[in-house]
Amino acid sequence: MKILVINAGSSSLKYQLIDMDTEKMMAKGICDRIGTEESFIKYQKAGESAK
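The opening position of the sequence shown corresponds to residue 10 in our numbering, with each subsequent residue numbered one higher.
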């Protein structure tokens with residue numbers, strides 16, 4: 010089973026996808042400073058560096 014965890018704040022959204030069978034993170038990311046010119050998106054898949 011896979012679980013998607015989402016944390017939504019006033020100007021950011023964070024997520025993490027977890028494989029509960031192995032208890033390992035499959036992916037995670039953040040959208041930060043939503044609504045501003047400095048906004049950015051950062052994400053990472055398991056075994057890869059963040060982009």
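Don't be surprised by glycine CBs; every beta carbon is placed ideally from N, CA and C.
Closest Cα partner of residue i within the set the options
i   : options               : result
G56 : I12, M34, I15 and M10 : M34
Q8  : G18, A17, Q25 and T45 : Because residue 8 is not part of the residues shown, which for the chain are 10 to 60, the question remains open.
S20 : K60, C40 and I27      : C40
I27 : R42, I43, M10 and T45 : M10
Assumed close pair residue i, residue j - CB separation to whole angstroms, cut-off 8 Å
i   : j   : result
I15 : L22 : 7 Å
Straight-line Cα distance separating residue j from residue i
i   : j   : result
D3  : F49 : Residue 3 lies beyond the residue range present for the chain, which begins at 10 and ends at 60; the question has no answer from this structure.
A17 : S58 : 23 Å
T45 : E32 : 35 Å
K51 : A36 : 11 Å
DSSP bridge partner residues for residue i (one or two, in chain order)
i   : result
D28 : K11 and K33
K51 : I39
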